[in-house]
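Below: one structure, written as structure tokens.
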Amino acid sequence: MSDIEPVAPVPPTPQKDPAPALLFEMIRSFVTLAQTLNLSHAVAQLASTRQTVRRHIQQLEEAMGAPLFTIENRRYSLTKAGVEALPEARDIIDRGKLWLDGKTRHADGMLRLSHEEPNGWSFHQQQQPLSLIWDGGSAMMQAALQAWCMSRGELESEAFRAMRPYVLVYRDSPNGWICTEVGEKSFYTQWWGWTNARSSIGRPLKLFPGGPEFENMLNFPFREVEATCGVRLDEVVTQIPREEGGEPVPLAYKRLLMAGRYPDKSFALIAAVDRSTSVNIAGVDDSFLREMPLDAKVTFAG
1 MSDIEPVAPV PPTPQKDPAP ALLFEMIRSF VTLAQTLNLS HAVAQLASTR QTVRRHIQQL
61 EEAMGAPLFT IENRRYSLTK AGVEALPEAR DIIDRGKLWL DGKTRHADGM LRLSHEEPNG
121 WSFHQQQQPL SLIWDGGSAM MQAALQAWCM SRGELESEAF RAMRPYVLVY RDSPNGWICT
181 EVGEKSFYTQ WWGWTNARSS IGRPLKLFPG GPEFENMLNF PFREVEATCG VRLDEVVTQI
241 PREEGGEPVP LAYKRLLMAG RYPDKSFALI AAVDRSTSVN IAGVDDSFLR EMPLDAKVTF
301 AG
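Residue numbers for the sequence shown follow the UniProt record's numbering, beginning at 1 and rising by one.
Written out as structure tokens, the structure is:
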């Protein structure tokens with residue numbers, strides 16, 4: 001007989017269960033109930049049943065290991081874990097819808113968004129490396145980035161004063177992003193005219209040209225900059241009218257988003273935009289550059 005003890009087989013490493021097949025629907029139930037805080041209203045909006053919505057919430061809570069709601073006298077309230085989970089859940093729903101429609105993809109690790117309407121309106125947005133600002137980029141955007149660094153993001157800083165006429169400023173609100181300031185020398189003003197540009201102050205993004213689809217697409221980069229308190233560069237190629245009810249006109253521009261602060265230290269999103277001199281979005285040619293109106297440009301005296 002051999003005196004060598006048999007080696008016991010090594011048990012397999014336990015694997016976590018994969019994400020539930022109905023994860024998207026579970027998150028949709030959570031977001032809808034979080035918005036309404038009323039089970040009956042959530043069920044109606046979802047065209048679902050009370051049992052299904054309750055089950056979805058229970059499954060999410062079990063998977064996340066924390067309650068998302070408290071219930072008192074049949075009234076729902078978000079817990080701390082629910083409040084923290086809600087913004088990401090909303091992003092998953094918004095991005096999921098765009099992804100299913102083929103409107104969002106990644107190119108070289110950077111997010112690309114595309115949308116086209118039958119009436120000719122289109123929107124293509126591609127995140128770009130920040131180095132593009134220095135590689136033959138806009139002098140105004142270079143100055144804006146330098147001013148942002150020197151001002152440490154303080155909107156009222158003397159270091160940022162010279163850039164204020166060239167930027168737009170947004171504030172987050174329960175109704176979405178609200179435009180609080182439009183620079184009189186900004187690209188937005190050059191495109192729409194000063195009178196129309198000023199009317200955008202106080203207007204949420206969903207009421208800008210392009211409507212809710214436009215808001216959904218801008219929401220991703222805006223939220224990223226808000227979360228990271230950093231900067232982000234995007235290239236946009238689109239077709240929008242220059243006047244109310246007008247025909248869509250080709251437009252290509254670069255947009256630098258910067259995390260800023262109002263005097264009360266609340267978050268301010270600063271956008272510096274300038275006309276593109278090249279197109280760096282796969283599948284989109286440079287015909288937009290040739291067809292853009294020549295007067296749609298920023299005259300920067302920096």
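Backbone N, C-alpha and C define an ideal beta-carbon position, used for all residues, glycine too.
Item, Value
"So, with DSSP's three-state summary, where would you put D91?", "helix"
"Is F288 near D91, with beta carbons less than 9 Å apart?", "no"
"Applying the 10 Å Cβ sphere with the 16-neighbour rule, what's the burial state of L37?", "exposed"
"Report the residue from V231, T79, A197 whose alpha carbon sits nearest the alpha carbon of A147.", "V231"
"Look up I270 in the DSSP assignment and give the residues it is bridged to.", "V169, M258"
"Identify every residue that forms a DSSP beta bridge with Y275.", "A quick correction: the sequence has Arg, not Tyr, at residue 275. Partner(s): Y253."
"Below 8 Å on the Cβ atoms is my contact criterion, and I expect E291 with P241 to pass it. Report the Cβ-Cβ distance as a whole number of Å.", "Not a contact, Cβ separation roughly 14 Å."
"Taking one C-beta from the stretch 48–62 and one from the stretch 23–31 each time, how about it: are there three or more such pairs within less than 8 Å?", "yes"
"What is the C-beta distance between G153 and G260, in whole angstroms, given that I count them as a contact (C-beta under 8 Å)?", "5 Å"
"Take the Cβ of L294 as the centre, count every other Cβ of all protein chains shown within 10 Å, and call the residue buried at 16 or more, exposed below.", "exposed"
"Take V225 as the anchor and find which of V279, S276, R255, S48 has the nearest alpha-carbon.", "R255"
"A268 and L155 look like a contact to me (Cβ under 8 Å); what is the Cβ gap, rounded to whole Å?", "5 Å"
"Alpha carbons only, please: which of A159, R223, W191 is nearest the one belonging to D172?", "R223"
"Under 6 Å Cβ to Cβ from E181, same chain only, skipping five residues before and after it: list those, please.", "V169"
"Return yes when the Cβ of L205 is within less than 9 Å of the Cβ of D234, no when it is not.", "no"
"Rank M140, A252, C179, R198 by C-alpha distance to the C-alpha of R275 and give the top, closest one.", "A252"
"What three-state label does DSSP hand L36 in the structure shown?", "It should be pointed out that residue 36 corresponds to Thr in this sequence rather than to Leu. Three-state result, T36: helix."
"Under a Cβ-count criterion, where at least 16 other Cβ atoms within 10 Å of its own Cβ denotes burial, should Q128 be classed as buried or exposed?", "buried"
"Which residues does DSSP pair with Y76 in a beta bridge?", "I71"
"Tell me which same chain residues have a C-beta within less than 8 Å of the C-beta of V279, skipping the five on either side of it?", "E235, V237, A252, D285, D286, F288, L289"
"State the DSSP-derived secondary structure class of F300, mapped to helix, strand or coil.", "coil"
"Can you list, in chain order, the residues of its chain whose CB lies under 7 Å from that of V167, leaving out five sequence neighbours each side?", "A144, G183, S186, I270, A271, A272"
"Would you kindly work out how many angstroms separate the C-alpha atoms of C149 and W192, rounded to a whole number?", "29 Å"
"Buried or exposed: G82, going by 16 or more other Cβ atoms within 10 Å of its Cβ?", "buried"
"Between the beta-carbon of L68 and the beta-carbon of A42, is there less than 9 Å?", "no"
"Can you tell me which of I201, S151, A301, E243 puts its alpha carbon nearest to the alpha carbon of P263?", "S151"
"Identify the continuous beta strand (DSSP E) that holds L132 and give its terminal residues.", "Segment: none, L132 is in no beta strand (DSSP E) and carries neither H nor E."
"Please work out which residues of its chain come closer than 7 Å, Cβ to Cβ, to S138, disregarding the five sequence neighbours upstream and downstream, and give them in chain order.", "K254, D274"
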